[in-house]
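Going by my numbering, the letters in the sequence shown line up with residues 22 to 246, in that order.
We put the beta carbon where it would ideally sit given N, CA and C, even for glycine.
Please read these numbers as outputs of a predicted model, since none were measured by experiment.
Following: one structure in structure tokens, then a few remarks.
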Amino acid sequence: MTIPAYVPPSQWVADRASFVSDSIRDGGDGIVVARCVEGIALVACQSGADLPRGMRSISEIHDRLAFAAVGIFHEAEDLRVAGIRFADLRAYAYDRLDVTGRSLASMYSRIIGKVFTRPEVKPYQVQVTVAELGLVPSEDRFYTIDFDGTVRVSTDPVLMGVASEYSFDLPDHASVSEVVRASMSVLEAEPESIEVGLLDRHASTRRHFRRLDAATVLEADSDES
22 MTIPAYVPPS
32 QWVADRASFV
42 SDSIRDGGDG
52 IVVARCVEGI
62 ALVACQSGAD
72 LPRGMRSISE
82 IHDRLAFAAV
92 GIFHEAEDLR
102 VAGIRFADLR
112 AYAYDRLDVT
122 GRSLASMYSR
132 IIGKVFTRPE
142 VKPYQVQVTV
152 AELGLVPSED
162 RFYTIDFDGT
172 VRVSTDPVLM
182 GVASEYSFDL
192 PDHASVSEVV
202 RASMSVLEAE
212 PESIEVGLLD
222 RHASTRRHFR
232 RLDAATVLEA
242 DSDES
């Protein structure tokens, strides 16, 4: 009987971390999430080989929450659907305002982190950000969940995937068009290859997420200037 070679926990954790981070970086996907005058902008490059044409890497989760993910598409899609179900059940059982970015990030952290710590199971090859539009701008938050379940909370721009290798400077009170233009530069993408979403602070309904056409956003900005 062959005795399996002993691998120290620190080694297999490091190996798994390297495996996932390399696969996310090499996948070609990139996402930028940033605050803007209109609310919160989410910009994704759709040139990654893993993302089927026409599929989405950013989407609505709940009234004031949006989901963005880089990595293996079907794994990200499973997490997106789980988040929607979690939000719907929590809103039904309690109140719609009880569906928060923190509670959703905690749920994702448990799912992703539990799989990462099981050596017999392949870890999730994804990185997720939950964007939460606050009732006032000072309450906006970004919750980024890494492949090991670690949660980082920020109000600064979040850069994921290939975008994480770059710096991202925005002027104060940047418009959504400025975020899109800066994101295109970081992602080295053309308008037709990016996906744009906005958590609109001035929406007249309780659902604040809407999709934007990048070319239209940039054209409107040019007309105004």
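- Excluding the 5 residues flanking it on each side, Cys66 has same chain C-beta neighbours closer than 6 Å at Gly51, Leu208, Ala210, Ile215, in chain order.
- Linking Glu186 to Ala241 through their CA atoms gives a straight-line distance of about 30 Å.
- Taking 3 residues as the minimum length, the beta strand (DSSP E) runs contained wholly in the segment 67-111 are 79-83, 86-92, in order along the chain.
- In the three-state DSSP reduction, Thr165 falls in the strand class (E or B).
- Within 10 angstroms of the beta-carbon of Pro144 lie 16 or more other beta-carbons, which makes it buried.
- The segment 186-205 makes no contact with the segment 223-230: fewer than 3 CB pairs, one atom from each, lie closer than 8 Å.
- In this structure Val147 is not in contact with Thr165, their Cβ atoms being roughly 11 Å apart against a cut-off of 8 Å.
- Taking a contact as a CB-CB distance under 8 Å, the pair Phe137 and Leu125 does not count as one, their CB atoms being some 18 Å apart.
- Nearest neighbour of Ser42 by Cα position, chosen from Ala195, Leu191, Gly218, Phe168, turns out to be Phe168.
- Residue environment for Met205: buried (at least 16 other C-beta atoms within 10 angstroms of its C-beta).
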